[in-house]
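Engineer: Numbering (our numbering), first residue to last: 41 to 550.
Written as structure tokens, this is what we have:
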């Protein structure tokens, strides 16, 4: 029996994003001279002030509110002896309250002006991206008008905005957008809860499995008790109604969920001819075919053109974040209640989590050889991303004006010397925040890092890699993984943001 399914066409693929934040101009006004005294405030005092919620109050609004307050609470009228002193004191309070949102706007404007993602030394890639940007903005106005903008934990992304570019739309006009394997009974099957590595690896394995299915035009099958659902559902696509959930999951990722082996009878399951070499030296688990299939997906390197690969991977990541868990629903088989992916942001920043400007450092211990290998392919420093020295962090944050905003540290706790150095640094230490153990879990940490204004990670970490790919899929720049010192001793980027998808740089982690 031929298995035919048609996926809902992904409307917007944010594979390449060139974005500029819209900022308000700050205009200066003169105050109307309608006081009963000679009060003449300075230009700095008389500028327009912000409410903190994006709206603005005029000078007259502020003045009238202060005067009304003085009349009602103090019985003081314009022209009274103490009016000017009281008025200036109240105005000073208003100014102080406005400084936080104003400084945040300035920081966002600075970040936007210095955001230059997807660009690396490969000029041909840069030209293709610019061509794609122009083509999509010109040809896809109707499509973009129908896309709902995406926000995560109350913080906006660039998915569904006019800056969100469907990179390959101009190349794929008229192409078949059905799911892989729609006209075949070939099946790549993921089953049982045996995986190669931990969550960072598993997320890559899932992304690679979907890519393999597309590259080889086969259906990706997932048994309902297998590792993909165990890994994904605590963070994304929680079950609220089982029938509806199954349909949504299959449609979102172009997969088929199976409940038992009897449903596999008419499928031709993909068999591997090289699993033995993958299992050498791994003991009993090393020869388990389901474990080796997981490992095979981790080491799978797609040969698709880079832009096409970015586009497909971005579709998947956007689908995940359109369905991030908010604490409602359960996992599939266990029925365990899911946690809120926003718990990390809310736990650190509370009610200010929607507006706060902040950076995240991912301090991850891993084998030095892994970073050195990454250094050879990308040109990054062989140890800087492991040690996270204060000067390295400040070389990133100071030019962006981010040293005066919170810096959140996410760590596996294995490099306490590095943590102590950051805490003791006079500039970083006063802004450094740690995630409380009660709200620290992998889903909360991922969202906290993905939605940050600046992310500093380790290129040899699959966790940092997933965060950076997610940020790019949501339209964010300012992810710093590949840095080295030039001849002048200055820290510079050695590889563009797209490098996390580039097999020439990342190998199996791409």
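Quick reminder that beta carbons are idealized off the backbone N, C-alpha and C, glycines included.
Assuming residue 266 and residue 233 are in contact, meaning their beta carbons sit under 8 Å apart, how far apart are those beta carbons, in whole angstroms?
Structural biologist: Confirmed, Cβ separation roughly 6 Å.
Engineer: How big is the Cα-Cα spacing for residue 389 and residue 396?
Structural biologist: When rounded, the distance between both Cα atoms is 8 Å.
Engineer: Identify the residues that DSSP records as bridge partners of residue 402: which are they?
Structural biologist: According to DSSP, which records beta bridges pairwise, residue 402 is partnered with 450.
Engineer: Counting Cβ pairs, one atom from each stretch, are 3 or more of them under 8 Å apart for the region 495-506 and the region 406-413?
Structural biologist: Result yes; three or more Cβ-Cβ pairs closer than 8 Å.
Engineer: To the nearest angstrom, how far is it from the Cα of residue 454 to the Cα of residue 429?
Structural biologist: Going from the Cα of residue 454 to the Cα of residue 429 covers about 15 Å.
Engineer: Tell me the residue span of the alpha helix (DSSP H) that contains residue 241.
Structural biologist: Unbroken alpha helix (DSSP H) run through residue 241: 239-256.
Engineer: Are there three or more Cβ pairs, one per stretch, closer than 8 Å when the region 425-439 is compared with the region 543-550?
Structural biologist: These segments do not touch.
Engineer: Within 10 Å of its beta-carbon, does residue 470 have 16 or more other beta-carbons around it, so buried, or fewer, so exposed?
Structural biologist: Residue 470 should be labelled exposed.
Engineer: I'd like to check one pair, residue 226 with residue 368: are the Cβ atoms closer than 8 Å?
Structural biologist: In this structure, residue 226 does not lie closer than 8 Å to residue 368 by Cβ.
Engineer: So, are the CB atoms of residue 245 and residue 235 less than 8 Å apart?
Structural biologist: Against a cut-off of 8 Å, the Cβ pair of residue 235 and residue 245 comes out as a contact.
Engineer: Name the residue from 359, 514, 515 and 476 whose alpha carbon lies nearest to the alpha carbon of residue 275.
Structural biologist: Ranking 359, 514, 515 and 476 by Cα distance to residue 275 puts 359 first.
Engineer: Compare the Cα-Cα distances from residue 316 to each of 256, 427, 545 and 330 and report the closest residue.
Structural biologist: That would be 330, whose Cα lies nearest to the Cα of residue 316.
Engineer: Going by CA-CA distance only, name the one from 540, 194, 297 and 465 that's closest to residue 349.
Structural biologist: Ranking the options by Cα distance to residue 349, first place goes to 540.
Engineer: Below 6 Å CB to CB, which residues in the same chain sit around residue 253 once its five sequence neighbours on both sides are set aside?
Structural biologist: For residue 253, where only same-chain residues beyond five positions count, the Cβ hits under 6 Å are 220, 228 and 260.
Engineer: Tell me the residue span of the alpha helix (DSSP H) that contains residue 346.
Structural biologist: From DSSP, the alpha helix (DSSP H) with residue 346 extends over 346-361.
Engineer: Verify the CB distance criterion: does residue 219 have a CB-CB separation below 8 Å to chain C?
Structural biologist: No chain C appears in the structure shown, which is made up of a single protein chain.
Engineer: Mind reading off the beta-carbon distance from residue 475 to residue 485? Whole number of angstroms is fine, and I expect it under 8 Å.
Structural biologist: Yes, residue 475 and residue 485 are in contact; Cβ-Cβ is about 7 Å, under 8 Å.
Engineer: Might you give, ordered along the chain, the residues of its own chain that have their beta carbon closer than 6 Å to the beta carbon of residue 79, omitting 5 neighbours on each side?
Structural biologist: Low per-residue confidence applies at residue 79: pLDDT is 32, beneath 50, and the placement is therefore not dependable, though the value from the model is reported in the following sentence. So the list reads 124, once near-sequence residues are dropped.
Engineer: So what's residue 147 in DSSP terms, helix, strand or just coil?
Structural biologist: Note: residue 147 maps to helix in three-state DSSP.
Engineer: On the DSSP letters alone, give me the boundaries of the beta strand (DSSP E) that residue 524 sits inside.
Structural biologist: Residue 524 -> beta strand (DSSP E) spans 523-525.
Engineer: On the criterion of 16 or more Cβ atoms from any shown chain inside 10 Å, does residue 477 qualify as buried, or is it exposed?
Structural biologist: When all chains shown are included, residue 477 counts as exposed.
Engineer: When burial is assigned at 16 or more other CB atoms within 10 Å of the CB, is residue 560 buried or exposed?
Structural biologist: Nothing in the structure corresponds to residue 560, since the chain is present only between 41 and 550.
Engineer: Quick one: using the 10 Å Cβ neighbour count with 16 as the cut-off for buried, is residue 119 buried or exposed?
Structural biologist: Exposed: under 16 other Cβ atoms inside 10 Å.
Engineer: What is the DSSP secondary structure of residue 397, counted as helix, strand or coil?
Structural biologist: Residue state, collapsed to three classes: coil.
Engineer: Let me know the secondary structure DSSP gives residue 477 once reduced to three states.
Structural biologist: Coil.
Engineer: What residue ranges within the region 293-320 form continuous beta strand (DSSP E) runs of no fewer than 3 residues, ordered along the chain?
Structural biologist: Listed in chain order, the complete beta strand (DSSP E) runs (minimum 3 residues) inside the region 293-320 are 295-298.
Engineer: What are the start and end residues of the alpha helix (DSSP H) that includes residue 509?
Structural biologist: Element bounds for residue 509: 502-513.
Engineer: Below 8 Å on the Cβ atoms is my guess for residue 492 versus residue 399; work out the distance and round it to an integer in Å.
Structural biologist: Yes, they are in contact, since the Cβ atoms of residue 492 and residue 399 sit about 6 Å apart, within 8 Å.
Engineer: What does the Cβ neighbour count give for residue 456, buried or exposed, with the cut at 16 atoms within 10 Å?
Structural biologist: So residue 456 counts as exposed.
Engineer: If I follow the unbroken alpha helix (DSSP H) through residue 462, where does it start and stop?
Structural biologist: Start and end: 456-464.
Engineer: Report the residue from 152, 293 and 230 whose alpha carbon sits nearest the alpha carbon of residue 574.
Structural biologist: With the chain running from 41 to 550 in the structure shown, residue 574 is simply not present.
Engineer: Using CA atoms only, rank isn't needed, just tell me which of 393, 415 and 286 is closest to residue 373.
Structural biologist: Ranking 393, 415 and 286 by Cα distance to residue 373 puts 286 first.
Engineer: To the nearest whole angstrom, what separates the beta carbons of residue 419 and residue 524, a pair I think is in contact under 8 Å?
Structural biologist: Right, the Cβ-Cβ distance comes to about 6 Å (below 8 Å), so this counts as a contact.
Engineer: Which of helix, strand or coil does DSSP assign to residue 364?
Structural biologist: In this structure, residue 364 counts as strand in the three-state DSSP scheme.
Engineer: Between the beta-carbon of residue 297 and the beta-carbon of residue 290, is there less than 8 Å?
Structural biologist: In contact: residue 297 and residue 290 (Cβ atoms closer than 8 Å).
Engineer: Who are the near neighbours of residue 488 in its chain, counting only those whose CB is closer than 8 Å to its CB and skipping five residues on each side?
Structural biologist: Contacts found: 384, 385, 388, 400, 448, 450 and 475.
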